[in-house]
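Enquirer: So that we are looking at the same thing, I have put the structure below in structure tokens.
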Amino acid sequence: MSRAKSDEITIQFDGSKCIHARRCVLGLPAVFKPGTPGGWLFPENARAAEIARVIDACPSGALSYTRHDGGMGEQVPPVNTVRLWENGPNELRGDLWIDEAPTTRMLLCRCGQSKNKPFCDNSHVAAGFTATSEPETQDAQETEIGGDLTVTPLPNGPVKIEGHVEVIAASGRQVAVGEKMFLCRCGQSANKPFCDGSHTRAGFTTE
Numbered sequence: 001m002s003r004a005k006s007d008e009i010t011i012q013f014d015g016s017k018c019i020h021a022r023r024c025v026l027g028l029p030a031v032f033k034p035g036t037p038g039g040w041l042f043p044e045n046a047r048a049a050e051i052a053r054v055i056d057a058c059p060s061g062a063l064s065y066t067r068h069d070g071g072m073g074e075q076v077p078p079v080n081t082v083r084l085w086e087n088g089p090n091e092l093r094g095d096l097w098i099d100e101a102p103t104t105r106m107l108l109c110r111c112g113q114s115k116n117k118p119f120c121d122n123s124h125v126a127a128g129f130t131a132t133s134e135p136e137t138q139d140a141q142e143t144e145i146g147g148d149l150t151v152t153p154l155p156n157g158p159v160k161i162e163g164h165v166e167v168i169a170a171s172g173r174q175v176a177v178g179e180k181m182f183l184c185r186c187g188q189s190a191n192k193p194f195c196d197g198s199h200t201r202a203g204f205t206t207e
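Structure representation (structure tokens):
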């Protein structure tokens with residue numbers, strides 16, 4: 001974990017989660033400067049509110065912040081969601097807990113090839129992974145919202161999520177809602193994004 005601090009804000013960066021979506025670089029190029037000798041974060045070049053807005057858009061959770069200007073910190077989304085990326089990972093946002101640690105954003109591998117399981121590391125690109133971001137609606141209905149969403153990667157199997165959650169297509173259309181789901185992460189399920197037991201037949205391992 002690296003950090004950079006100004007009078008108004010501290011930026012934290014966990015490089016192991018970064019997939020180079022570049023929303024930070026494109027959003028505030030004066031603050032986020034990859035390849036700069038001695039460090040790439042320059043929080044003194046913008047106001048804390050601007051930096052917070054850009055970091056909140058980081059899908060992986062690699063970037064986070066602590067404000068010192070009295071401004072509002074990152075807010076927990078009111079609805080826990082799993083948004084599907086076309087031929088890519090599952091983007092989770094909400095009141096998330098993994099390994100008993102809280103977060104609000106993460107990208108979970110669903111191609112089975114990541115070297116940083118359960119998180120995405122962009123291996124789906126080289127692997128030529130294909131999976132639609134617009135599957136058919138399976139369970140369209142109203143559901144309770146909010147509360148903890150516990151994320152548990154099962155050994156050699158799917159990711160179990162427990163808590164009120166809504167699965168949404170890339171377009172925002174509701175795909176399914178529930179309080180317990182198993183998300184495929186071997187890349188082989190015929191019912192993506194959900195597990196159908198294919199990891200067993202495929203000999204998927206999480207080692």
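Here UniProt numbering is used: the first residue of the sequence shown is 1, the next is one more, and so on. The beta-carbon is built from N, C-alpha and C at its ideal position, and this holds for glycine as well. All values derive from a computational prediction rather than experimental measurement.
1) Within 10 Å of its beta-carbon, does Glu142 have 16 or more other beta-carbons around it, so buried, or fewer, so exposed?
2) Whole-angstrom Cβ separation of Ile9 and Arg67, contact assumed at under 8 Å?
3) The beta strand (DSSP E) spanning Arg83 covers which residue range?
4) With a threshold of 16 other CB atoms inside 10 Å of the CB of Asp121, please say whether the residue is buried or exposed.
5) Kindly list the residues whose CB is nearer than 6 Å to the CB of Val25, restricted to its own chain and excluding five residues on each side of it in sequence; keep chain order.
6) On the premise that Thr104 lies in contact with Ile168, defined as a C-beta separation below 8 Å, what is that separation, rounded to the nearest angstrom?
7) Near Arg47, what residues of its chain come up, given a Cβ to Cβ distance below 7 Å and the 5 sequence neighbours on each side ignored?
8) Which residues in the same chain have their Cβ closer than 7 Å to the Cβ of Phe194, if we skip the five residues on either side of it in sequence?
9) Can you give the Cα-Cα distance for Met89 and Asn191, rounded to whole angstroms?
10) Verify whether the separation of the beta carbon atoms of Ala62 and Gly27 is less than 8 Å.
11) DSSP three-state label for His199, please.
12) Give the single residue among Ser6, Phe13, Ala21 whose Cα lies nearest to the Cα of Glu91.
13) Tell me which residue opens and which closes the beta strand (DSSP E) that Gly163 is part of.
14) Determine the closest residue to Gln75 out of Phe13, His164, Ile11, Ile55, with distance taken between C-alpha atoms.
15) Return the chain-ordered list of same chain residues with a C-beta closer than 7 Å to the C-beta of Lys5, the five sequence neighbours on each side being excluded.
16) At which residues does the alpha helix (DSSP H) containing residue 212 begin and terminate?
17) Is Pro158 buried or exposed, if buried means 16 or more other CB atoms sit within 10 Å of its CB?
Expert: Reading it off the structure:
1) For this step, residue 142 is matched to residue 142 along the sequence shown. Exposed, by the Cβ-count rule.
2) Residue 9 sits at position 9 when you count from the first residue of the sequence shown. Residue 67 sits at position 67 when you count from the first residue of the sequence shown. The pair is a contact, with the Cβ atoms about 5 Å apart (cut-off 8 Å).
3) Within the sequence shown, the letter at position 83 stands for residue 83. Run containing Arg83: 81-84, per the beta strand (DSSP E) assignment.
4) Sequence index remark: in the sequence shown, residue 121 carries index 121 (1-based). With 16 or more Cβ atoms within 10 Å of its Cβ, Asp121 is classed as buried.
5) Residue 25 sits at position 25 when you count from the first residue of the sequence shown. Hits under 6 Å: Phe32.
6) Taking the first residue of the sequence shown as position 1, residue 168 is located at position 168. Taking the first residue of the sequence shown as position 1, residue 104 is located at position 104. Going by Cβ atoms, the distance from Ile168 to Thr104 rounds to 16 Å, so no, they are not a contact pair.
7) Against the sequence shown, residue 47 aligns to sequence position 47. Glu8.
8) The residue you call residue 194 lines up with position 194 of the sequence shown. Cβ neighbours of Phe194 beyond the five flanking positions: Met181, Phe182, Leu183, Cys184.
9) Within the sequence shown, the letter at position 89 stands for residue 89. Within the sequence shown, the letter at position 191 stands for residue 191. In the sequence under discussion, the amino acid at residue 89 is Pro, which differs from the Met named in the question. Pro89 and Asn191: Cα-Cα distance of roughly 15 Å.
10) Taking the first residue of the sequence shown as position 1, residue 62 is located at position 62. Taking the first residue of the sequence shown as position 1, residue 27 is located at position 27. By the CB criterion at 8 Å, Ala62 and Gly27 fall outside the cutoff.
11) Translated into the one-based positions of the sequence shown, residue 199 becomes position 199. Helix.
12) For this step, residue 91 is matched to residue 91 along the sequence shown. If we check each option's Cα against that of Glu91, Ala21 comes out closest.
13) Here residue 163 corresponds to residue number 163 of the sequence shown, with the count starting at 1. Note, Gly163: beta strand (DSSP E), 159-168.
14) Here residue 75 refers to the residue found at position 75 when the sequence shown is read from its first residue. Cα-wise, what sits closest to Gln75 is Ile55.
15) Numbered from 1 along the sequence shown, position 5 holds the residue referred to as residue 5. Closer than 7 Å at the Cβ level, and outside the excluded window around Lys5, lie Pro43.
16) Outside the shown range of the chain (1 to 207) lies residue 212, about which nothing can therefore be said.
17) Walking along the sequence shown from the start, residue 158 turns up at place 158. Pro158 comes out buried.
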